[in-house]
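Trainee: Using this note's numbering, read the sequence shown as starting at 54 and increasing by one per residue. Where a beta carbon is used, it is the ideal one built from N, C-alpha and C, also for glycine.
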Amino acid sequence: MEIGIIGGGATGLTAGYLLSKKGHTVAVYEKSEEDLGGIAGAVPIHNAYIDKFYHHIFTSDTDILSLIEELGLSGDMLWEEPKNGLYLNGKLYPFTNPIDLITFPEIGLVSRFRMGLAVLLAKNVRDFRDLEDITAKDWLIQKTGRDAYEKIWQPLLYSKFDRDADQISGVWIWNKFKLRGSTRQNISKECLGYLRGSFFSLYRRLAEEILSRQNIVIPSPAVSISPAPGGKVQIQSENGMNIIYDKALFTASPGELCQLCEFPEDYRQKTLKIRYKANICMTLFVKKPVSDYYWITVAEENAPFVLCVEHTNLIRDPDYGDCHILYLSRYLDVSDLFFGASDDEISAVFLAYLSRLFPGFDPDDILGSHVFRSTYAQPVVPLRHSGNILPMETPIENLYLAGMSQIYPEDRGQNYAVRMGREAAEILMTSKE
Ligand SMILES: Cc1cc2nc3c(=O)[nH]c(=O)nc-3n(C[C@H](O)[C@H](O)[C@H](O)COP(=O)(O)OP(=O)(O)OC[C@H]3O[C@@H](n4cnc5c(N)ncnc54)[C@H](O)[C@@H]3O)c2cc1C
Numbered sequence: 054m055e056i057g058i059i060g061g062g063a064t065g066l067t068a069g070y071l072l073s074k075k076g077h078t079v080a081v082y083e084k085s086e087e088d089l090g091g092i093a094g095a096v097p098i099h100n101a102y103i104d105k106f107y108h109h110i111f112t113s114d115t116d117i118l119s120l121i122e123e124l125g126l127s128g129d130m131l132w133e134e135p136k137n138g139l140y141l142n143g144k145l146y147p148f149t150n151p152i153d154l155i156t157f158p159e160i161g162l163v164s165r166f167r168m169g170l171a172v173l174l175a176k177n178v179r180d181f182r183d184l185e186d187i188t189a190k191d192w193l194i195q196k197t198g199r200d201a202y203e204k205i206w207q208p209l210l211y212s213k214f215d216r217d218a219d220q221i222s223g224v225w226i227w228n229k230f231k232l233r234g235s236t237r238q239n240i241s242k243e244c245l246g247y248l249r250g251s252f253f254s255l256y257r258r259l260a261e262e263i264l265s266r267q268n269i270v271i272p273s274p275a276v277s278i279s280p281a282p283g284g285k286v287q288i289q290s291e292n293g294m295n296i297i298y299d300k301a302l303f304t305a306s307p308g309e310l311c312q313l314c315e316f317p318e319d320y321r322q323k324t325l326k327i328r329y330k331a332n333i334c335m336t337l338f339v340k341k342p343v344s345d346y347y348w349i350t351v352a353e354e355n356a357p358f359v360l361c362v363e364h365t366n367l368i369r370d371p372d373y374g375d376c377h378i379l380y381l382s383r384y385l386d387v388s389d390l391f392f393g394a395s396d397d398e399i400s401a402v403f404l405a406y407l408s409r410l411f412p413g414f415d416p417d418d419i420l421g422s423h424v425f426r427s428t429y430a431q432p433v434v435p436l437r438h439s440g441n442i443l444p445m446e447t448p449i450e451n452l453y454l455a456g457m458s459q460i461y462p463e464d465r466g467q468n469y470a471v472r473m474g475r476e477a478a479e480i481l482m483t484s485k486e
């Protein structure tokens, strides 16, 4: 079969690799060469690459780990214990293990105990549907108390979902609890995984595998997809190419798909129910670490960024040279004026706040920086979301949709993107031509 795949991120490249391995002819469309890897793409630094957006994986991420193994990259997997912190009321608290929780002074002892219990017992909820009718807010208040909710969970939900925070389903937070509970080797020890040289090594490798079998990667955005005679699918790209495929797979957001196709109104209405938060992520290369934490959640009202991820406090790689790598991240609506601000404006606001959080931080220590934006960074997960999930089949015969928005009840992540790419490849191979 000849298959056109739109999107050279984790989902599209996994599907392309598996289809090409089975002897199908594949063309992967990506907007440009710099966009390969999608959200998990990377930029060069010294002798290595570093993710545009911070990434780690968990020991339970078996789909991506088996792909890494299949490609002979397991020797490059690094597993390290993170040190996490919570910035609240002008102070930075350690927040890595149960001892940190027990000694956390900002909430009462009973609330702390209830929080620990909620995480431990999350695995006992067998069916996510039991939580589809309750918001994360109400579930957290029920399980951990209002004090813990207001001081810890509310800022965390706002850090991810901004003005949608109060509408997020209990399924989303329950899943996070369940995931973190299941990745601990023992109650106090959790290891996070990183691929030496960035996760882009995996995606570059998948692209190489695809290309090695006489397939192509087209560095140009698809601008239209339409049905062609005989149940085939035609893809037109910005560079003027117009190719007819037996089947096509679209791996970006349903909203973007709608911009390329003529769909019936009822399908278009369904895609409108799928909403995303955007993300701004500033990568800073600095001479000195700003803290000794890997992951700091900033639980302050009106903070311009809500996460400070100091990658080199988890992974120290000589290939980074003398550089420390720090990410400052914020999720927001694409309509938020700040999302459209210039890189210089964003940098100025982020750096001023960084200096406030860490008075020892010296802007003269900055060796370089980038500001990356992702419009489709995190699907919003409202109540009864299972009813919104779109099937892989679309109203256009032999055109399939597989991406982040269909990962449910789990949340987006590279592991699930790999799983989705695998499932899509199987459906394309088994559905009739
Ligand atoms: C800030 C942030 C932090 C994250 N941290 C982690 C983490 O720690 N661990 C983890 O596992 N995951 C993390 N993730 C999630 C992870 O990056 C994603 O789940 C995964 O990369 C999604 O891959 P994908 O292929 O489904 O989508 P994408 O990466 O979005 O790929 C879709 C691709 O389609 C392309 N495209 C769109 N339209 C067109 C068109 N018309 N023509 C051609 N190409 C097109 C886009 O350019 C893009 O490359 C994080 C995400 C963000 C935003």
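Spell out whether any CB of chain D is found under 8 Å from the CB atom of N355.
Mentor: Absent from the structure: chain D. Only one protein chain is present.
Trainee: For K144, which three-state DSSP category applies?
Mentor: Correct three-state label for K144: strand.
Trainee: Ligand 1 and A260: does the residue's C-beta get closer than 7 Å to at least one heavy atom of that ligand?
Mentor: It does not: the Cβ of A260 is nowhere closer than 7 Å to a heavy atom of ligand 1.
Trainee: Between the beta-carbon of E83 and the beta-carbon of G60, is there less than 8 Å?
Mentor: Yes, they are a contact pair.
Trainee: When you compare only the Cα positions, how much space is there between E353 and Q287?
Mentor: C-alpha separation (whole angstroms): 50 Å.
Trainee: How would you call N295, buried or exposed, if buried means at least 16 neighbouring beta carbons within 10 angstroms?
Mentor: N295 comes out exposed.
Trainee: Within the segment 266-336, note down every full beta strand (DSSP E) run reaching 3 residues or more, in order along the chain.
Mentor: Segments of the beta strand (DSSP E) lying fully in the segment 266-336: 269-272, 275-281, 285-290, 295-298 and 300-303.
Trainee: Considering only heavy atoms of ligand 2, does any lie closer than 7 Å to the CB of I327?
Mentor: By its list of ligands, the structure shown excludes ligand 2, since it contains just ligand 1.
Trainee: Grouping DSSP H, G and I as helix and E and B as strand, with all else coil, what is V172?
Mentor: Here V172 sits in helix by DSSP.
Trainee: On the criterion of 16 or more Cβ atoms from any shown chain inside 10 Å, does G91 qualify as buried, or is it exposed?
Mentor: G91 should be labelled buried.
Trainee: To which residues does DSSP link C361 through a beta bridge?
Mentor: According to DSSP, which records beta bridges pairwise, C361 is partnered with I349 and L381.
Trainee: Exposed or buried, what is T336 when buried is set at 16 or more other beta-carbons lying within 10 Å of its beta-carbon?
Mentor: By the neighbour-count rule (16 or more Cβ atoms within 10 Å), T336 is buried.
Trainee: Who pairs with I195 in a beta bridge, going by DSSP?
Mentor: First, the residue type needs correcting, since residue 195 is Gln and not Ile in the sequence shown. Per DSSP, none; premise fails for Q195.
Trainee: Evaluate the contact criterion for the segment 390-407 versus the segment 422-433: three or more CB pairs, one atom per stretch, below 8 Å.
Mentor: The segment 390-407 is in contact with the segment 422-433.
Trainee: Compute the beta-carbon to beta-carbon distance between L379 and C361, rounded to the nearest angstrom, for a pair I have assumed lies under 8 Å.
Mentor: That belief holds up - the Cβ atoms of L379 and C361 are roughly 7 Å apart, short of 8 Å.
Trainee: For W227, write down the residues that DSSP places opposite it in a beta bridge.
Mentor: DSSP output for W227 lists no bridge partner at all.
Trainee: For the segment 372-429, which segments carrying the alpha helix (DSSP H) assignment without a break, of at least 4 residues, lie completely within its bounds, in sequence order?
Mentor: Entirely contained in the segment 372-429, the alpha helix (DSSP H) runs reaching 4 residues are, in chain order, 396-410.
Trainee: By DSSP's criteria, G138 is part of a beta bridge. Which residues make up the other side?
Mentor: In the DSSP output, where bridge partners are listed per residue, G138 has P147 and I349.
Trainee: Within 10 Å of its beta-carbon, does S439 have 16 or more other beta-carbons around it, so buried, or fewer, so exposed?
Mentor: Burial call: exposed.
Trainee: Relative to the alpha-carbon of R472, which residue among L173, R369, D114 and T149 has its alpha-carbon at the smallest distance?
Mentor: Taking only the C-alpha atoms, the option nearest R472 is D114.
Trainee: Locate the beta strand (DSSP E) running through T188, then write down its first and last residues.
Mentor: It is not in any beta strand (DSSP E) - T188 carries neither H nor E in the DSSP assignment.
Trainee: Who are the near neighbours of F358 in its chain, counting only those whose CB is closer than 7 Å to its CB and skipping five residues on each side?
Mentor: So the qualifying residues of the chain are V351, L381, S382, R383, F403 and Y406.
Trainee: Under 6 Å Cβ to Cβ from Q289, same chain only, skipping five residues before and after it: list those, please.
Mentor: Counting only Cβ-Cβ distances below 6 Å, and skipping sequence neighbours, we find V276, S277 and N295.
Trainee: Based on DSSP bridge pairs, tell me the residues matched to A80.
Mentor: Answer is G57 and I269.
Trainee: Just curious, the alpha helix (DSSP H) that P208 is in, first and last residue?
Mentor: Per DSSP, P208 belongs to the alpha helix (DSSP H) from Q207 to F214.
Trainee: Please list, in chain order, all residues of the same chain as K196 whose beta carbon is under 6 Å from its beta carbon, the five residues on each side excluded.
Mentor: Counting only Cβ-Cβ distances below 6 Å, and skipping sequence neighbours, we find A171.
Trainee: Leaving out five residues on either side along the sequence, give the residues of the same chain with a beta carbon under 6 Å from the beta carbon of F316.
Mentor: So the qualifying residues of the chain are P448.
Trainee: Whole angstroms is fine: what's the gap from C244's alpha carbon to I205's?
Mentor: Distance between the alpha carbons of C244 and I205: 23 Å.
Trainee: Does E363 pass the burial test, meaning 16 or more other C-beta atoms within 10 Å, or should it be called exposed?
Mentor: With 16 or more Cβ atoms within 10 Å of its Cβ, E363 is classed as buried.
Trainee: Please report the Cβ distance between L481 and L259, rounded to the nearest whole angstrom; I am assuming they are in contact, meaning their Cβ atoms lie under 8 Å.
Mentor: With a Cβ gap of about 16 Å, L481 and L259 do not count as contacting.
Trainee: Can you determine whether any heavy atom of ligand 1 sits closer than 7 Å to the C-beta of F181, and answer yes or no?
Mentor: The answer is no for F181.
Trainee: Based on the DSSP secondary-structure assignment, which residues constitute the bridge partners of F338?
Mentor: DSSP lists I378 and G421 as partners of F338.
Trainee: Using a Cβ-Cβ cutoff of less than 6 Å, which residues in the same chain neighbour I269 once the five nearest sequence positions on both sides are dropped?
Mentor: If we look at I269 and ignore the five residues flanking it on each side, its Cβ neighbours are A80.
Trainee: Out of R182, D180, I333 and P208, point me to the one whose CA is closest to L487's CA.
Mentor: Absent from the model: residue 487. The displayed extent of the chain is 54 to 486, so no value can be given.
Trainee: Can you check which of these residues, T78, V96 and L302, is closest to E86 by C-alpha distance?
Mentor: Nearest C-alpha to E86: V96.
Trainee: According to DSSP, simplified to helix, strand and coil, what is A93?
Mentor: Three-state DSSP puts A93 in a helix.
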